[in-house]
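Below is one structure, written out as structure tokens; the observations come after it.
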Amino acid sequence: MGPLEGKVAVVSGAARGQGRAHAVHLAREGADIIAMDICADIDTVHYPLATPEDLDETVTEIKRLGRRVVATRTDVRDPTAVAAAIDSGVAELGRLDIVVANAGIAMYDAADTMSAQSWHDMIDTNLTGVWTVCRGAMPHMIEGGRGGAMVLISSVAAHVGMLHLSHYSAAKAGVVGLMRALAVELAPHMIRVNTIHPTSVNTAMIINEGTYDLLVPGSGPAARHGANEVPDEVAKAFKGINAMPIAWVEPQDISEAVVFLASESGRYVSGTQLSVDAGAAAK
Ligand SMILES: NC(=O)c1ccc[n+]([C@@H]2O[C@H](COP(=O)([O-])OP(=O)(O)OC[C@H]3O[C@@H](n4cnc5c(N)ncnc54)[C@H](O)[C@@H]3O)[C@@H](O)[C@H]2O)c1
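Read in order, the letters of the sequence shown correspond to residues 1 to 283 in my numbering.
Structure representation (structure tokens):
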């Protein structure tokens, strides 16, 4: 029996990257999963978001572990759609114990030339989209009367200023404020709320030419790189973000923190910001 046997977790942005890793890791520990992802692109984002096939692969991996899963194509910017997706997941799986509000986007816009659309897409997805998932989950968790845990995925960018990420940093810092308020408001129900702050993580969000070009101007779209090949000078620039001499962490490193906060091991941990950032914010 895994430590999360009998529990149900909702994970947003579950089709690929960290979201898939969290969903699969929680399932391995025994939880059934309500998975949601937009599975479509957003115009202002410079790299492709997940596809329906990505979400199918997450479902397959969860089922292979013998766990149940309810997956929907849901945009976290839409509170009504998110609530409906969570309601139908709870109707099928019977309860809700854990929230991992993970869906997010990143794009690089200089503060002085950023379009209003870019700002709104970022705040709507990375801040409002965290609220919609918490809001959709709360009635079920409170009504369940068994407590629970919410893990909100923020970023090292909530703690340090980063180039061309003013909208992203504002959203991720906003998630900390939301977390603190919810931690206080939901504490009487024994529902804990915490944030995780990853440094660069090896996913499609940052392993793309737009990021390469930001870190090492001229290394991006103009240059030619193999599919999974990160140019040396770019890897070196990624390394410069962290205190430890590594370029990035893996999605599983964040999943370990998610499972700790979601499980009995973290039963009195609430209102905290857990950095998994190779010392980046301490620099
Ligand atoms: N990769 C990094 O370096 C890094 C660092 C710190 C924090 N984060 C955060 O981690 C989280 C996961 O990102 P990732 O690295 O796995 O990137 P990713 O792009 O691989 O995954 C993000 C997922 O969210 C989904 N998504 C995007 N907008 C959505 C919307 N409106 N509604 C529903 N789903 C949506 C995408 O389709 C995708 O499947 C994000 O919140 C991100 O900001 C990432």
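For each residue, glycine too, the CB sits at the ideal point set by N, CA and C.
{"Query": "Going by beta-carbon coordinates alone, are residue 191 and residue 144 separated by less than 7 Å?", "Result": "no"}
{"Query": "Among 118, 71, 83 and 128, which one has its Cα closest to the Cα of residue 44?", "Result": "118"}
{"Query": "How is residue 151 classed by DSSP in three states: helix, strand or coil?", "Result": "strand"}
{"Query": "List, from N- to C-terminal side, the beta strand (DSSP E) runs of 3 residues or more that fit wholly inside the segment 95-170.", "Result": "98-101 and 148-153"}
{"Query": "In three-state terms, what does DSSP make of residue 73?", "Result": "strand"}
{"Query": "Would you give the residue range spanned by the beta strand (DSSP E) that residue 206 belongs to?", "Result": "Premise fails: residue 206 is in no beta strand (DSSP E) and is neither H nor E."}
{"Query": "Closer than 6 Å by C-beta to residue 266: which residues in its own chain qualify, once you throw out the five before and the five after it? Chain order, please.", "Result": "260"}
{"Query": "Might you give, ordered along the chain, the residues of its own chain that have their beta carbon closer than 6 Å to the beta carbon of residue 9, omitting 5 neighbours on each side?", "Result": "26, 31, 33 and 98"}
{"Query": "Given a threshold of 16 other Cβ atoms within 10 Å of its Cβ, counted over all protein chains shown, does residue 132 qualify as buried or as exposed?", "Result": "buried"}
{"Query": "Rounded to whole angstroms, what is the Cα-Cα separation between residue 279 and residue 238?", "Result": "13 Å"}
{"Query": "Under 6 Å Cβ to Cβ from residue 160, same chain only, skipping five residues before and after it: list those, please.", "Result": "281"}
{"Query": "Taking the alpha-carbon positions, what's the residue 4 to residue 138 distance?", "Result": "19 Å"}
{"Query": "Heavy atom of ligand 1 less than 6 Å from the Cβ of residue 284, yes or no?", "Result": "Because the chain is modelled from 1 through 283, residue 284 falls outside the range shown and cannot be assessed."}
{"Query": "Residue 73: beta carbon under 6 Å from a heavy atom of ligand 1?", "Result": "no"}
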